[in-house]
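The structure appears right after this line, and notes come after that.
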Amino acid sequence: MTGVSVRPLTGGEIAAVLDDLAMLRIRVFSAWPYLYDGDPAYEAEYVKEYAAAPDAVLVAAFDGDRIVGAATAAPMADQKDEFRAPFVARGLDVDRLFYFGESVLLPEYRGQGVGHAFFDQREAQARACGANAACFAAVIRPSDHPARPADYVPLDAFWTKRGYAPIQGLTTELAWKDHGEAVETLKPMQYWLRQWS
1 MTGVSVRPLT GGEIAAVLDD LAMLRIRVFS AWPYLYDGDP AYEAEYVKEY
51 AAAPDAVLVA AFDGDRIVGA ATAAPMADQK DEFRAPFVAR GLDVDRLFYF
101 GESVLLPEYR GQGVGHAFFD QREAQARACG ANAACFAAVI RPSDHPARPA
151 DYVPLDAFWT KRGYAPIQGL TTELAWKDHG EAVETLKPMQ YWLRQWS
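Residue numbers for the sequence shown, in UniProt numbering: 1 to 197.
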């Protein structure tokens, strides 16, 4: 990670970088596979709400004083119902589960180990808070989607090496507006899960 430092932020430190996180989310998620047509006002509220969760952590990647990437994590019990509901329906204990939200990194900083550092530090926070598992959700897009780049390589192999696996049937739906859409539409999201005790 030449020139890049990665460290966790909590409490007031998170509040100080919320605008940067919002703009990173809009920029990174505008690309495939999310195609997110971001709204700065929505983003500001989203990240503020996320940061308010007890035990939440934001792991930030810095190039000097500039934030070039960020990843979030917080207890699943503090997430919105649409995130928790699939786990509750399966009888899984959300009180010992951490939810990993976004992991966004500018393209020019990828492939330098930042993604592993994001997972390492979020998993450390989860363990410190008594969690015995962590999960995240990834959008499901059809392989023949017209916006899919020909050279796209999914992150499945990276996630698998980290010990995560998709759980058959454990999905949710989230709404956002794709580029070119007039309104928000629901997108299917696949949960990936790792248990460590």
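By construction, the Cβ of each residue, glycine as well, lies at the ideal position given by its N, Cα and C atoms.
Pull up the CB-CB distance for LEU83 and THR172, whole angstroms please, since I reckon it's below 8 Å. Here residue 83 is Phe; the residue named in the question, Leu, does not match the sequence. Indeed, because the Cβ distance is near 7 Å, the residues count as touching under 8 Å.
8 Å contact criterion, which PRO166 and TRP192 should meet: CB distance rounded: Yes, they are in contact, since the Cβ atoms of PRO166 and TRP192 sit about 5 Å apart, within 8 Å.
Can you tell me whether ALA56 is buried or exposed? The criterion is at least 16 other CB atoms within 10 Å of its CB, across all chains shown. Looking at its Cβ environment, which holds 16 or more other Cβ atoms inside 10 Å, ALA56 is buried.
Just tell me which of ALA61, GLY12 and ASP19 has its CA closest to the CA of PRO107. Checking every option, the nearest Cα to that of PRO107 belongs to ALA61.
ASP37 beta carbon less than 8 Å from that of ASP178: Against a cut-off of 8 Å, the Cβ pair of ASP37 and ASP178 comes out as a contact.
CB-CB under 6 Å to SER5, same chain, minus the five flanking residues each way: which ones, in chain order? Excluding residues within five positions, the ones whose Cβ falls inside 6 Å are PHE62.
Helix, strand or coil for ARG25 per DSSP? ARG25 falls in the helix class under three-state DSSP.
Taking the continuous alpha helix (DSSP H) assigned at ALA56, which residues delimit it? Element bounds for ALA56: n/a, residue is neither H nor E.
Is it buried or exposed, PHE158, if we count other Cβ atoms within 10 angstroms and call 16 or more buried? Residue environment analysis places PHE158 among the exposed positions, since fewer than 16 neighbouring C-beta atoms fall within 10 angstroms of its C-beta.
Would the region 42-49 count as touching the region 136-151 if we require 3 or more Cβ pairs under 8 Å? Touching, no, given that fewer than three Cβ pairs across the two stretches are closer than 8 Å.
Jot down the residue ranges of each uninterrupted beta strand (DSSP E) in the region 108-184, minimum 3 residues, whole runs only, in chain order. Runs of the beta strand (DSSP E) inside the region 108-184: 133-139 and 165-176.
Work out the CA separation of LEU97 and HIS116 for me, nearest whole Å. Using only the alpha carbons, I get a separation of about 20 Å.
Please list, in chain order, all residues of the same chain as ALA137 whose beta carbon is under 7 Å from its beta carbon, the five residues on each side excluded. Scanning its chain for C-beta atoms nearer than 7 Å, with the 5 sequence neighbours on each side dropped, one finds around ALA137 the residues THR172, MET189, GLN190 and TYR191, in chain order.
Just list the residues that DSSP pairs ILE67 with in beta bridges. PHE62, per the DSSP bridge assignment.
Look up ARG90 in the DSSP assignment and say whether it is helix, strand or coil. In the structure shown, ARG90 sits in coil (DSSP, three-state: anything other than H, G, I, E or B).
Which residue from ALA31, ARG66 and THR72 puts its Cα closest to that of ALA51? Of ALA31, ARG66 and THR72, the smallest CA-CA separation from ALA51 is found for THR72.
Taking the beta strand (DSSP E) that GLY101 falls in, what are its first and last residues? Start and end: 97-105.
Looking only at its chain, what residues have a beta carbon closer than 6 Å to the beta carbon of ASP93, apart from the 5 residues adjacent to it on each side? None.
If you run the structure through DSSP and keep just helix, strand and coil, what is LYS80? In the structure shown, LYS80 falls within a coil segment according to DSSP collapsed to helix, strand and coil.
Evaluate VAL28 with the Cβ neighbour count: other Cβ atoms within 10 Å of its Cβ, from every protein chain shown; 16 or more gives buried, anything less gives exposed. Under this definition VAL28 is a buried residue.
Measure how close the beta-carbons of ALA53 and ALA74 come, nearest whole angstrom, since I'm counting them as under 8 Å. About 4 Å separates the Cβ atoms of ALA53 and ALA74, confirming a contact at the 8 Å cut-off.
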